Each structure stands twice: as C-alpha cells, then as structure tokens.
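Report on the following structure.
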Amino acid sequence: MTADNSAADASPAIDVRGLVKRFGSKIVVDDVSIRVETGEIYGFLGPNGSGKTTTIRLLCGLLTPDAGEGTCLGLDIRRQSAAIKRQVGYMTQKFSFWEDLSIAENLDFVARMYALPDRRRRVVEALDRLGLSNRRTQLAGELSGGWKQRLALAACILHEPKLLLLDEPTAGVDPKARREFWDEIHRLAGEGLTVLVSTHYMDEAERCHRIAYIAYGTLMTHGTVDQVIGGSGLHTRLVAGDGLHRIAAALDGQPGVEMVAVFGSRLHVSGIDATALDRVLAPWAEQPELRITVTEPTLEDVFIHLMNRSTDNFR
Ligand SMILES: Nc1ncnc2c1ncn2[C@@H]1O[C@H](COP(=O)(O)OP(=O)(O)O)[C@@H](O)[C@H]1O
Ligand SMILES: [Mg+2]
88 MTADNSAADA SPAIDVRGLV KRFGSKIVVD DVSIRVETGE IYGFLGPNGS GKTTTIRLLC
148 GLLTPDAGEG TCLGLDIRRQ SAAIKRQVGY MTQKFSFWED LSIAENLDFV ARMYALPDRR
208 RRVVEALDRL GLSNRRTQLA GELSGGWKQR LALAACILHE PKLLLLDEPT AGVDPKARRE
268 FWDEIHRLAG EGLTVLVSTH YMDEAERCHR IAYIAYGTLM THGTVDQVIG GSGLHTRLVA
328 GDGLHRIAAA LDGQPGVEMV AVFGSRLHVS GIDATALDRV LAPWAEQPEL RITVTEPTLE
388 DVFIHLMNRS TDNFR
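Just so we're aligned, residue 88 is where the sequence shown starts under the working numbering, counting upward by one.
This is the structure we're talking about:
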C-alpha cells in the first residue's frame, strides 16, 4: 500500500534526526530519526515503555529533546512549538470528556476552550466528518468505547490540523469498532491529513502506508510492512500436524531456533540461520504425520525477534 498522492515530491510532514530524550539518568528515546511523508498514515509500534509517547511529545513540541533536531510541518521542533501545536491534532493515550455533556456540547466546549473562530460551523463539520451527527445529543458518558474514540478524534480535528498524532487510539476497543475507526483514519488521510498513529495491533500496522518499530528507545526498523518483513533476515518454517505443543517444547531453545509460536494447528519456528533451523527440524520432517514448509514470517514474528534482539543490546 502506498499513499496515492504525490507525497514523495512534497516536503515531509515530519522530518527529525537523532532525537534523544533522557529522564534522569535513563535514556528513553535514543537517537531516533523519523521521516513521515505528507498524506501518509505512519504506524508507530513497540512494546510498552519503549518511548512511543515520549517521541510523539517530542514531535509536537510538548517536550524538548536533549539532542537531535528536525521539523514538523516544516516548523522547527525546538523553536516553533507553539506554531506546531496550532496545526497538529494530538489524541493522547488517556483522553477524557465531560461525561454529563452531549457529544455536540463536548465539541462546543473544546472549541470555546481553544477560542476557535466559527465555532458552530466547526462543530457541525466535525460531527459530520466523523458520522456523529445523529448522536449529537447523546451524553458522552453513555457512549461505547468505539464512539468515545470517535468523539475524541472529532475533538482533535476541530481546529482543522494538517497532522494527526494518535497515541494508541484504539487500545481496549473491540475489533469491529477498531476497524471502523481505521476506516475514519483512512477517510481523513484521503482528505489530505497526515497521520502518525501508535498501536499494539498487527492488523492495524497492516493498514498503515509505512511503519516503524521502536524497542527500549531504539528505532529497530521502518518501511512498508513488506520491507520490514523482508529486511528482517528472519527465516520461518511452518509445522502442521498433531502434537504441536510437544514439538514446540522440544524445539524451544535448540541451536538456531530463536522463536517458537503455536497458532492453533500450526507452529511457526523462526531463526536467523536457515541452515541451523532446518538441521534442527530435520528429524521432525521425517515423521509422516507432520508437514514442514517454508513460510514468510509474520509481522508479529519479526517484532518479537526485534524485541529479543534489543533486550540483548540492553543487557
Ligand atoms: N515524564 C517522565 N518522567 C520520567 N520517566 C518518564 C516520563 N515519561 C515517560 N517516562 C519513562 O520513559 C519510558 C518510555 O515511556 P513512554 O514514552 O510512555 O513509552 P510508550 O509510550 O512506548 O509506552 C518509560 O520507562 C517511562 O516510564
Ligand atoms: Mg505510550
């Protein structure tokens, strides 16, 4: 999937290099460089505590980096943070509303708080853009998780930003609502917005034009999903048959076997050294009730591999 506008020719929405952020003696963001093209949906993945939220705050000027430089929407992240904030919609991980106000009242309140001109028009348009018009009088406190996310997103676009920074917007939301939320993100991107979104979900990563994976403050890989999988250097074998849990236990920790994961009636066995991997699997391949084939690692296989590797670096 590629952004279908002339994004590559335009100046990037985000272009930062060598970002470092320390809290006390701890390096939380370590030499992170990110470039997000205008109009693209960029996924930001990584385990908890790896520095996603901190990086997002550096990008919109809420935090100042200890080292590094760059631009957001062409503006300097160190010196022009006020101007950046005016053009960025930031949906925080733990957003909140006034539960005893309706959807429309919440949006009106936000518009007043930021002293936005044309308040009424903006509220009507935001309701319309996110399919909230029919529910405008419903109390925010009575909304399901999915509709709450939509309200939060509507609040983020009231000031008509050019860039959305969405920090785990779908955490804890059911799969159908997540899917619909992503339809909205694609619709907004289609209207020209650039979106950087952090997430834990692999299916969401696959709906991004490009992704980056960060672990313990270090950006481990970036690119399209295919580039990330292809560039991982990971080899995976699929084992199908009975007694997979027993086989998984036997393979775990063998030389060349880095990861073993059971998916129902299939087993994924992965490692960097294909020869070593096949050597370990050879005795199992002779068993008539098992089928062993070469398969492409999943995004999840690749991320777990990268996380293991970064934990090793950490030590
Ligand atoms: N204001 C802060 N002061 C001290 N430590 C912080 C602060 N904000 C985040 N951290 C620490 O920085 C690390 C990265 O946090 P965060 O950026 O929130 O990661 P993520 O969003 O990927 O879960 C964590 O170990 C967290 O505890
Ligand atoms: Mg976070």
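Think of the CB as a built atom: it goes at the ideal place given N, C-alpha and C, for glycine as much as any other residue.
None of the values given here were measured: they were computed from a predicted structure.
TODO: Please find out if some non-hydrogen atom of ligand 1 comes closer than 6 Å to the beta-carbon of phenylalanine 131.
DONE: no
- [ ] Would you tell me roughly how many angstroms separate the C-alpha atoms of alanine 276 and aspartate 195, rounded to the nearest one?
- [x] 24 Å
Task: Contact under 7 Å by Cβ, arginine 208 with alanine 198 - done: no
Task: Length of the line joining the Cα atoms of alanine 369 and histidine 309 - done: 34 Å
Open item on the list: Can you tell me where the alpha helix (DSSP H) holding histidine 332 begins and where it ends?
Closed with: 331–338
Open item on the list: With a threshold of 6 Å (Cβ to nearest heavy atom), would serine 137 be considered close to ligand 1?
Closed with: yes
Open item on the list: Short of 7 Å in beta carbon distance, which residues of its chain neighbour aspartate 187, apart from the five on each side in sequence? Order them along the chain.
Closed with: Leu226, Gly228
Task: Cβ contact check for the region 163–182 and the region 262–270: 3 or more pairs under 8 Å - done: No: the two stretches stay apart, fewer than three of their Cβ pairs being nearer than 8 Å.
Open item on the list: Does asparagine 395 pass the burial test, meaning 16 or more other C-beta atoms within 10 Å, or should it be called exposed?
Closed with: exposed
TODO: Find out if the Cβ-Cβ distance for the pair glycine 155, leucine 106 is shorter than 7 Å.
DONE: Between glycine 155 and leucine 106, the CB-CB gap stays under 7 Å.
- [ ] Within the region 243–281, note down every full alpha helix (DSSP H) run reaching 4 residues or more, in order along the chain.
- [x] Secondary structure remark: continuous alpha helix (DSSP H) runs of at least 4 residues inside the region 243–281, in chain order: 262–277.
Open item on the list: Can you tell me whether glutamine 174 sits near ligand 2, meaning its C-beta is under 6 Å from at least one heavy atom of the ligand?
Closed with: no
TODO: Return the CA-CA distance between phenylalanine 182 and cysteine 159, expressed in angstroms with no decimal places.
DONE: 23 Å
Open item on the list: Shorter than 6 Å, the distance from the beta carbon of threonine 403 to the closest heavy atom of ligand 1, or not?
Closed with: Any answer about residue 403 is impossible in this case: the structure gives the chain only from 88 up to 402.
Open item on the list: Could you check whether the region 314–332 touches the region 380–389, counting it as contact only if at least three pairs of C-beta atoms, one from each stretch, sit closer than 8 Å?
Closed with: yes
Task: Start-to-end residues for the alpha helix (DSSP H) that takes in alanine 348 - done: Premise fails: alanine 348 lies in the beta strand (DSSP E), 346–350, not in any alpha helix (DSSP H).
Open item on the list: Looking at the strands, I want to know which residues DSSP matches up with serine 357.
Closed with: For serine 357, the beta-bridge partners assigned by DSSP are Thr323, Met346.
Open item on the list: Does the region 297–313 come into contact with the region 326–340, if we say contact requires no fewer than three beta-carbon pairs (one atom in each stretch) closer than 8 Å?
Closed with: No, the region 297–313 is not in contact with the region 326–340.
- [ ] Give me the Cα-Cα distance between arginine 104 and valine 312, rounded to the nearest whole angstrom.
- [x] 22 Å
Task: DSSP three-state assignment for isoleucine 391, whether helix, strand or coil - done: DSSP places isoleucine 391 in helix when its eight states are reduced to three.
Task: Of the residues Phe131, Pro99, Gly358, the one placed nearest cysteine 295, counting alpha carbons only - done: When only C-alpha atoms are compared, the closest one is Phe131.
TODO: Tell me whether glutamine 236 counts as near ligand 2, meaning its Cβ is closer than 6 Å to at least one heavy atom of that ligand.
DONE: no
TODO: Would you check whether ligand 1 has a heavy atom nearer than 6 Å to the C-beta of valine 115?
DONE: At least one heavy atom of ligand 1 is found less than 6 Å from the C-beta of valine 115.
Task: Bridge partners - serine 189, DSSP secondary structure assignment - done: Leu226
Task: Pairwise C-alpha distance: glycine 138 and leucine 354 - done: Between leucine 354 and glycine 138, the C-alpha separation is close to 31 Å.
TODO: Starting from alanine 38, trace the beta strand (DSSP E) both ways and give me its first and last residue.
DONE: No information on residue 38 is available, as it lies outside the stretch 88 to 402 that the chain covers here.
TODO: Check each candidate in Arg216, Val260, Glu373 and name the one with the smallest Cα separation from leucine 245.
DONE: Arg216
TODO: Using the DSSP secondary-structure output, state which residues sit across from histidine 309 in a beta bridge.
DONE: Ala299
Open item on the list: Here's the rule I'm using: 16 or more other beta-carbon atoms within 10 Å means buried, otherwise exposed. How should aspartate 254 be labelled?
Closed with: buried
Task: Close-in-space but distant-in-sequence residues of the same chain around threonine 257 (CB under 6 Å, 5 per side omitted) - done: Arg265, Phe268
Open item on the list: Classify alanine 95: buried if its beta carbon has 16 or more other beta carbons within 10 angstroms, exposed otherwise.
Closed with: For alanine 95, the predicted structure reports a pLDDT of 49, less than 50, and the residue's modelled location is therefore unreliable. The matter cannot be settled from this model.
Task: Classification of glutamine 374 by the beta-carbon crowding that lies within 10 angstroms, buried from 16 upward - done: Of the other Cβ atoms in all chains shown, fewer than 16 fall within 10 Å of the Cβ of glutamine 374; this residue is therefore exposed.
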